[in-house]
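J.: Here this note's numbering is used: the first residue of the sequence shown is 6, the next is one more, and so on. Glycine included, each C-beta is placed from N, C-alpha and C at the ideal position.
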Amino acid sequence: MSSKSILLLPGDGIGPEIVAEARKVLTWLAQQSGLTLVMEEGLIGGAAYDATGNPLPEETLQRARACDAVLLGAVGGPKWEPLPYEVRPERGLLGIRKALDLYCNLRPAKLFSQLVDASTLKREVVEGTDIMVVRELSSGIYFGQPRGVQTLADGSRLGINTLSYSTSEIERIARSAFEVARKRQKKLCSVDKANVLEATELWREVVIAVGKEYPDVALSHMYVDNAAMQLIRNPRQFDVIVTTNMFGDILSDEASMLTGSIGMLPSASLGDTAALYEPIHGSAPDIVGLGVANPLATILSAAMMLRHSLALPELADRVETAVNRVLDQGLRTPDIMQTGMQKVGTVAMGDAVVAALSES
Ligand code: IPM
Ligand code: MG
């Protein structure tokens with residue numbers, strides 16, 4: 006019987022509510038399959054700041070390094086917005102991505118056919134959407150130096166952020182994306198702004214060079230402004246998209262609306278020696294404590310964890326099938342509610358996934 010260890014980082018806002026549902030699903034799976042799953046909770050974000058004065062305590066990092074995978078809820082909220090930049094909850098999330106060198110962020114935007122009418126976009130546009138956004142996660146403008154706000158001699162202020170990418174950083178994310186494309190429809194679109202930004206001109210050059218190793222994958226390039234438009238014009242043209250940290254942040258939110266709700270989208274942040282899984286949505290301060298948050302993105306993130314970090318693809322399949330089943334049953338949290346469906350809260354949705362698992 007194998008044993009795996011998972012660090013749960015519920016974080017802030019709805020984070021604890023949705024992570025509790027994923028934990029319920031994992032606990033049930035472990036009991037059923039004879040797998041020993043050691044799940045411990047740690048602190049990150051505003052919750053960590055409140056308890057320790059640091060949004061990413063050293064203890065959390067050490068435990069994250071020692072476990073098989075990390076499952077995170079969400080960080081941030083209005084309570085911590087007045088804090089200095091260095092101790093804001095978001096620094097905890099960016100800090101763990103950097104410290105574990107989680108450079109490859111997989112954000113699948115796949116439409117569940119049951120939710121085709123939940124999207125704000127027309128059925129004929131979104132039907133069949135199945136895109137994998139591969140976002141570079143540990144470099145780019147999020148981390149480039151110099152950065153900050155300077156006060157100039159005349160007393161005015163100057164805000165600075167730097168977009169920088171080294172060839173090795175581009176090579177490794179390009180390679181990850183080509184590997185992903187190889188297992189899908191073998192189409193990779195690299196998104197940049199090479200007509201304006203030198204750093205992404207280099208990005209394009211290096212992606213093309215890496216592409217020589219993958220002659221079986223059809224490589225194309227698109228400027229980010231055009232990509233933003235093409236995503237809602239004709240999403241079916243995309244299979245895998247690879248892009249920089251900030252463009253990936255923006256385009257993955259946009260892509261999520263093709264699937265009905267941002268509350269449905271999981272993600273995996275992978276490094277060479279560590280992995281973290283989290284829903285792509287945020288801490289949703291407006292619905293905290295109401296018991297209405299959609300736990301499915303976190304449950305699907307747990308499925309990605311089973312597949313990518315715990316080498317348990319059959320359990321991952323079972324979770325995904327169970328999520329499909331509860332959608333077939335017509336159960337909907339408010340974010341994906343449609344007329345004629347049955348509105349349920351966070352806990353009932355988690356329970357329904359477990360019930361669907363036990364029927365499979
Ligand atoms: C995301 C989020 C984060 C990001 C925030 C919370 C720092 O928007 O994971 O997409 O910008 O990467
Ligand atoms: Mg984002």
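Does the Cβ of residue 71 have 16 or more other Cβ atoms within 10 Å, making it buried, or fewer, making it exposed?
T.: The residue given as residue 71 occupies position 66 in the sequence shown. Residue 71 comes out exposed.
J.: Expressed to the nearest angstrom, what Euclidean distance is found between the alpha-carbon atoms of residue 40 and residue 233?
T.: Walking along the sequence shown from the start, residue 40 turns up at place 35. Walking along the sequence shown from the start, residue 233 turns up at place 228. Whole-angstrom Cα-Cα distance: 43 Å.
J.: Return the bridge partner residues of residue 342 from the DSSP annotation.
T.: Counting from one through the sequence shown, the residue named residue 342 turns up at place 337. The bridge partners DSSP lists for residue 342 come to none.
J.: Decide if the segment 274–292 is in contact with the segment 115–135; the criterion is three or more beta carbon pairs, one per stretch, under 8 Å apart.
T.: no
J.: Is residue 254 near the ligand IPM - that is, is its Cβ less than 6 Å away from at least one heavy atom of it?
T.: Residue numbering aside, residue 254 sits at position 249 when the sequence shown is read from its first letter. Indeed, a heavy atom of the ligand IPM lies less than 6 Å from the Cβ.
J.: Does the beta-carbon of residue 175 have 16 or more other beta-carbons within 10 angstroms, so that it is buried, or is it exposed?
T.: Taking the first residue of the sequence shown as 1, we reach residue 175 at position 170. Buried, since its Cβ has 16 or more Cβ neighbours within 10 Å.
J.: Would you kindly report the start and end of the unbroken alpha helix (DSSP H) that includes residue 313?
T.: By one-based count along the sequence shown, residue 313 stands at place 308. Residue 313 -> alpha helix (DSSP H) spans 301–313.
J.: How long is the line joining the alpha carbons of residue 1 and residue 24, rounded to whole angstroms?
T.: What is shown of the chain runs 6 to 365, which leaves residue 1 out entirely.
J.: Considering only heavy atoms of the ligand IPM, does any lie closer than 6 Å to the CB of residue 63?
T.: In the sequence shown, the residue the question calls residue 63 occupies position 58. No, the Cβ of residue 63 stays beyond 6 Å of every heavy atom of the ligand IPM.
J.: Can you name, in chain order, every residue of its own chain whose Cβ lies under 6 Å from the Cβ of residue 134, other than the five neighbours on each side?
T.: Residue mapping note: residue 134 aligns to position 129 of the sequence shown, counting from 1. Around residue 134: 116, 240, 263.
J.: Mind checking who residue 96 pairs with in its DSSP beta bridge?
T.: Within the sequence shown, the letter at position 91 stands for residue 96. Residue 96 is not bridged to any residue.
J.: What residues in its chain sit with their C-beta under 6 Å from that of residue 47, if we drop five residues either side in the sequence?
T.: For the purposes of this step, residue 47 is identified with residue 42 of the sequence shown, where counting begins at 1. Once the five neighbours on either side are set aside, the close Cβ partners of residue 47 are 12, 14, 65, 68.
J.: Can you tell me whether residue 274 is helix, strand or coil according to DSSP?
T.: What you label residue 274 is simply residue 269 of the sequence shown in a count that begins at 1. The answer is strand: DSSP assigns residue 274 an E or B state.
J.: Buried or exposed, going by whether 16 or more other CB atoms sit within 10 Å of the CB of residue 157?
T.: As a working mapping, residue 157 is identified with position 152 in the sequence shown. When all chains shown are included, residue 157 counts as exposed.
J.: Got a sec? Which residues, its chain only, sit under 8 Å from residue 208 by beta carbon, not counting five neighbours each side?
T.: As a working note, residue 208 is residue 203 in the sequence shown. Same-chain partners within the cutoff: 170, 175, 195, 197, 199, 249.
J.: Are residue 139 and residue 215 close, meaning C-beta to C-beta below 7 Å?
T.: As a position in the sequence shown, residue 139 is number 134, starting the count at 1. As a position in the sequence shown, residue 215 is number 210, starting the count at 1. No, they are not a contact pair.
J.: Starting from the Cα of residue 365, find the closest Cα among 341, 337, 319 and give me that residue.
T.: Indexing the sequence shown from 1 puts residue 365 at position 360. Among 341, 337, 319, the Cα nearest to that of residue 365 belongs to 319.
J.: Would you say the beta carbon of residue 174 comes nearer than 6 Å to a heavy atom of the ligand IPM?
T.: For the purposes of this step, residue 174 is taken as the residue at position 169 of the sequence shown. For the ligand IPM, not one heavy atom lies less than 6 Å from the Cβ of residue 174.
J.: In three-state DSSP terms, what is residue 218?
T.: Locating residue 218 in the sequence shown gives position 213, counting from the first residue. Note: residue 218 maps to coil in three-state DSSP.
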